[in-house]
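Below is one structure; the comments refer to it alone.
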Amino acid sequence: MTPVSVPAKSRHKRSRRPRESASVWVILACVLAVLVLILGIPVIRLLTAALGATGRAAMAGAFANHGETFVHSIVLGLLVGVCGTILGFVCAYVQTFVKMPGKKVVHWLTLLPTISPPFAAATAIITLFGKRGMVTNGLFGMEVNIYGLPGLVMVLTMTFTPVAYLNIKGMFENLDPATFEAASSLGASEFQTLVKVTIPMVLPSMLSSFLVLFVEGIADLANPLVIGGDYRVLASQIYFAVAGSGDVAGAAGVALVLLVPALTVFFIQKYWANKKSVVTVTGKPTGSLKPVGSKAVLIPMLSFNFLWILLVAMVYLTLLVGGFVKILGVDNAFTWDHFTFVRSLGADAIGTTLMLTLIAAPLAALLALAIGWLVVRHLPRFGRLLDLWGMLGVAIPGTVLGLGFALAYSSSTVLFDYEILPPLAGGLAVGGGAIAIIMVFVARGDPTGQQAFISALQQINPQVEEAATSLGASPLTVVRKVTLPLMSSALVTAITYGITKSMTTITAIIFITTPETKVMTSQILDEVDAGRFGNAFAYSSLLIVLVLVVLGIANALLRQLNHSTRSIS
Amino acid sequence: MTSSITNAQTDGSRLSEGEQRAGTLVLQGISKVYASKKGDFRAVDDTNLTIRPGIFVTLLGPSGCGKTTTLRMIAGFERPTEGDILLDGKSILDISADKRPMSMVFQSYALFPHLTVRGNVEFGLKLKRMGKQARRTKVDGVLSMMGIEQYAERYPDQLSGGQQQRVALARALVMEPKIILFDEPLSNLDAKLRVKMRSEIRDLQRRLGLTAIFVTHDQSEALTMSDVIVVMSAGKVEQVGTPWGIYHRPVNKFVASFLGTGNFIPGVVEEVLNQGQNDCKAAVQYLPPAALYRLKTELGTMEVSGVPGFVPGDRIEVVVRAENLLVGPGSEGEGVKIPGTVVSSAFDGEVVHYQVRTQAGELTGSAPGADVPVPAGTDLSCVVESRALWAVPDQGGSQSK
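Protein chains in written order, with numbering that gives the first Met the number 0: chain R, 0 to 568; chain D, 0 to 400.
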């Protein structure tokens with residue numbers, strides 16, 4: 000996710016080359032082929048299924064009971080959007096404007112949910128706040144029903160607040176500190192500055208965060224399954240249609256009902272909300288931000304932030320401890336049982352997950368780089384379409400995309416009576432369905448990298464590349480020797496997201512995991528379903544540690560790469 | 000197209016007469032059209048130019064006049080919509096930018112931030128697969144020529160603006176291009192350094208015998224550095240000539256007002272005293288022909304030279320440069336004496352700039368800096384030096400477009 004869109008002003012004049020060289024066309028052809036496979040055929044198959052008779056009937060069913068399911072999804076999306084954006088704002092504000100010890104720890108804690116499997120938090124929250132919850136029941140003696148809307152909002156807010164946090168924090172960092180000095184020299188108190196200057200200035204990114212969170216909120220499947228209870232949403236209805244009655248066409252109909260608002264809001268966010276950016280990127284920012292000292296601002300901000308961090312810390316502590324005790328809150332005796340279980344059952348899944356990730360993440364980054372390069376440097380008009388197409392990978396709710404893959408690749412792909420592709424998804428497919436899973440990972444991992452590359456490229460002065468051309472470098476040499484080394488941070492972003500998305504995703508692959516290709520997240524979900532929380536905790540902690548280790552190694556390697564290009568000369 | 004423009008273009012080709020030495024660059028009617036919804040925009044419009052090898056040519060004009068687009072078409076970063084570009088008589092349109100025998104120095108320097116100074120300078124040589132030893136010798140040579148050998152291992156962000164500028168220049172020079180292209184390379188430097196770099200660039204160009212094409216909007220850069228100046232406006236070439244010729248014998252009001260500070264006093268041609276011949280005496284410095292007219296203006300009747308081709312009754316404008324309108328009690332000189340009232344003054348060291356109200360309206364004049372500035376409201380006499388006056392077509396008259 001790119002925190003801030005680049006305003007038109009800082010965009011350098013696009014130059015059209017005299018003639019696009021052959022390499023550009025070859026790369027374009029490859030990109031198009033990949034996009035057709037991962038975001039073309041599945042989407043078309045989904046639409047045709049949804050618009051068939053069964054699909055249309057199911058669509059009407061989604062609006063049964065006065066559109067209960069549909070309304071549920073929308074309400075959930077709105078609540079998650081509002082809560083997550085406010086929390087993200089508070090966390091970002093504290094990080095940017097408050098001086099306090101342990102700020103870095105707070106930062107990393109806030110980001111923790113991004114690298115954990117989506118329902119890990121849900122499981123922990125049930126343990127903490129459920130009917131027999133350690134806090135609600137154990138501490139206060141209450142009997143709270145956490146299942147349903149309250150639990151969902153809590154869990155989804157926790158999961159997606161980091162998105163808003165990074166977005167708003169990025170905006171804060173791009174504001175000119177002189178703006179705040181100007182406000183104070185005009186007589187505004189720190190509280191007035193907050194209300195009249197700071198909030199209005201980051202309003203665009205708050206709005207765009209809200210919209211992103213809305214989409215994430217209505218698209219999520221795993222958490223409604225774990226903690227949704229009777230609160231039926233569109234995503235879970237799709238799941239039950241497939242898992243319960245095997246009604247794939249009906250599921251496709253419901254998927255379309257979910258797809259329409261998700262896509263609408265997503266593109267409003269991308270093409271409208273992000274444009275309203277007031278960030279000043281002109282000139283060097285003068286001076287640095289002064290920490291805010293006013294109690295009127297500090298007390299509410301800090302207490303809010305503290306409560307939030309406390310909640311996050313408790314959840315992840317539960318996760319960690321829960322893996323080592325028999326039944327957390329009931330029988331707190333130390334045990335290795337859960338990890339032994341994970342080792343015996345999960346060794347296979349760990350290997351598979353790692354392998355799939357290590358194949359998918361670089362592919363996603365490569366696709367993102369190719370799209371970004373084409374969009375910014377070579378095909379300004381058609382490129383927009385390409386950008387939009389690639390973005391579908393996250394704009395389409397994971398459940399819907401996964402369903403599309405199941406529809407498209409469970410049987411062989413046929414064009415004019417010729418089999419052009421064997422079945423790719425499902426247990427009987429080539430590679431035990433692994434290929435389809437990798438394709439989903441690439442589709443889900445590409446958009447963030449794509450955005451990072453696009454904005455990085457837009458910030459590289461084209462003159463630098465022209466200088467290389469002027470010195471005799473061919474287009475590919477320019478990319479290899481100049482452009483890529485200058486975009487190392489975007490590369491890190493692309494790889495990082497490729498890895499985390501691949502390792503922690505469940506929603507998008509829930510319909511295409513097979514017994515032959517075991518993936519960690521789906522096994523964790525099985526454990527949660529079976530009520531074996533201890534195993535799920537152990538598994539989740541292991542997954543988080545694994546993600547961190549893989550990210551650490553990848554980052555170290557990338558830094559090595561970057562260092563070596565700097566010191567070749 | 001009007002006579003003045005045609006003149007300008009013949010001027011251009013005349014400058015290129017003589018043997019067509021290797022390295023002659025010819026722009027043949029090139030245009031660059033950007034299509035947009037509101038209609039086409041002609042950034043460069045039917046430009047003809049011949050550039051002989053070894054000379055320093057400046058494309059001068061206000062922003063948006065097409066000078067940078069022209070340069071980028073020569074470099075190969077843009078393809079002309081119409082016309083052709085010839086090097087030694089052969090079209091280079093189908094040669095991509097990386098294969099053209101030219102190097103460009105960019106306004107932003109465009110140094111590679113991830114490479115050291117040495118890495119930047121040897122970048123092109125590496126692509127040519129030059130051997131390590133030869134490369135090193137060459138890079139060292141260029142770096143010491145530019146006086147930056149002590150910074151070889153630094154990164155661009157550790158250099159000052161002037162040092163970065165030198166690296167950019169070294170990086171282009173090391174390629175030994177036939178033609179070196181400059182896109183406003185000095186505009187990011189401070190005033191003192193800019194003046195210093197002007198003469199350094201000019202010296203290098205002379206010493207290495209390079210053809211240089213230099214784009215700028217700064218008239219004093221153009222005047223001090225160039226062999227030939229091409230004045231452009233709205234995508235068209237207005238005038239081609241030597242710095243002196245362009246400054247003192249502009250073909251139209253645009254050129255006259257773009258260079259120097261000028262007053263324009265309307266007048267009518269009474270009599271043509273001399274049709275204007277080529278100034279053969281000044282063969283070293285080619286000059287546009289000058290005719291001599293008797294004019295009737297608001298400053299009275301006077302004899303003024305100007306663009307040839309007017310007939311009695313034509314409306315013209317007389318260019319009076321600020322340095323030729325002498326203000327103040329001590330102002331003696333050959334010319335027309337007129338009374339005036341000081342509106343404002345500004346002391347600028349060498350000179351004092353004045354705004355003076357006269358019978359011909361408010362004019363810009365000057366006085367030597369040694370004279371004590373006269374306060375606003377003072378009545379005094381001014382002298383218009385008639386020897387330095389020049390008549391150009393009236394704006395509504397035979398101006399192009």
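C-beta atoms are modelled at their ideal positions from N, C-alpha and C, and glycine is treated no differently.
Beta-carbon neighbours of residue i, restricted to chain R and to distances below 8 Å
i, result
"I103/D", "As written in the sequence, residue 103/D is Met, which differs from the Ile given in the question. Under the 8 Å cutoff, chain R gives E465, A466 and S469."
Integer-rounded CB distance, given that residue j should sit under 8 Å from residue i
i, j, result
"V104/D", "A171/D", "5 Å"
"R117/D", "A151/D", "5 Å"
"V43/D", "G240/D", "That belief does not hold up - the Cβ atoms of V43/D and G240/D are roughly 20 Å apart, past 8 Å."
"L75/R", "L151/R", "6 Å"
"G275/D", "P288/D", "4 Å"
"P41/R", "L406/R", "7 Å"
"T23/D", "D87/D", "6 Å"
"T516/R", "T504/R", "In fact, because the Cβ distance is near 14 Å, the residues do not count as touching under 8 Å."
"V211/R", "Q268/R", "6 Å"
"Q449/R", "I370/R", "5 Å"
Amino acids of chain D, ordered along the chain, whose beta-carbon sits closer than 7 Å to that of residue i
i, result
"V575/R", "Any property of residue 575/R remains undetermined from this structure, which presents chain R solely from 0 to 568."
"N460/R", "S107 and A109"
"T476/R", "L126"
Host alpha helix (DSSP H) of residue i (start-end)
i, result
"T468/R", "P461 to S469"
"P203/R", "I198 to A218"
"I460/D", "Because chain D spans 0 through 400 in this model, residue 460/D falls outside it and cannot be assessed."
"T178/R", "P176 to S184"
"G308/D", "First-last for G308/D: undefined, no H or E at that position."
"R197/D", "A190 to L207"
"I370/R", "D336 to W372"
"D139/D", "K131 to M144"
"L127/R", "A119 to F128"
"R170/D", "G160 to L172"
"N166/R", "L148 to N173"
"H106/R", "K102 to L110"
Chain-ordered chain D contacts of residue i [CB-CB under 9 Å]
i, result
"A472/R", "D97, F122, G123 and L126"
Residue i: CB within 7 Å of a non-hydrogen atom of the ligand ATP
i, result
"A451/R", "Because no ligand of any kind appears in the structure shown, any question about the ligand ATP cannot be addressed here."
Beta carbon proximity, residue i to chain D, threshold 8 Å
i, result
"L485/R", "yes"
"T571/R", "Within the shown structure, residues of chain R are numbered from 0 to 568, placing residue 571/R beyond reach of any answer."
"N554/R", "no"
"T506/R", "no"
"H562/R", "Per-residue confidence for H562/R stands at a pLDDT of 48, beneath the threshold of 50, marking its modelled position as unreliable; the derived number appears in the next sentence. Not an interface residue."
Cβ of residue i within 8 Å of any chain R Cβ
i, result
"R356/D", "no"
"M174/D", "yes"
"F181/D", "no"
"S213/D", "In the sequence on display, residue 213/D carries Phe and not Ser. False, the Cβ-Cβ gap to chain R never drops below 8 Å."
"A281/D", "Because A281/D sits at a pLDDT of 47, beneath the cut-off of 50, its placement in the model cannot be relied upon, and the following sentence gives the value as read from the coordinates. Judged by the 8 Å Cβ criterion, A281/D is not in contact with chain R."
"F40/D", "no"
"A74/D", "yes"
"R205/D", "no"
"R170/D", "yes"
"E18/D", "Summary for E18/D: the model assigns pLDDT 44, below 50, so the residue's position carries little reliability, and this model does not support an answer."
Extent of the continuous beta strand (DSSP E) run through residue i
i, result
"I228/D", "V227 to S232"
"R41/D", "G38 to I50"
"I326/R", "V324 to I326"
"N262/D", "G261 to N273"
"F403/D", "Nothing in the structure corresponds to residue 403/D, since chain D is present only between 0 and 400."
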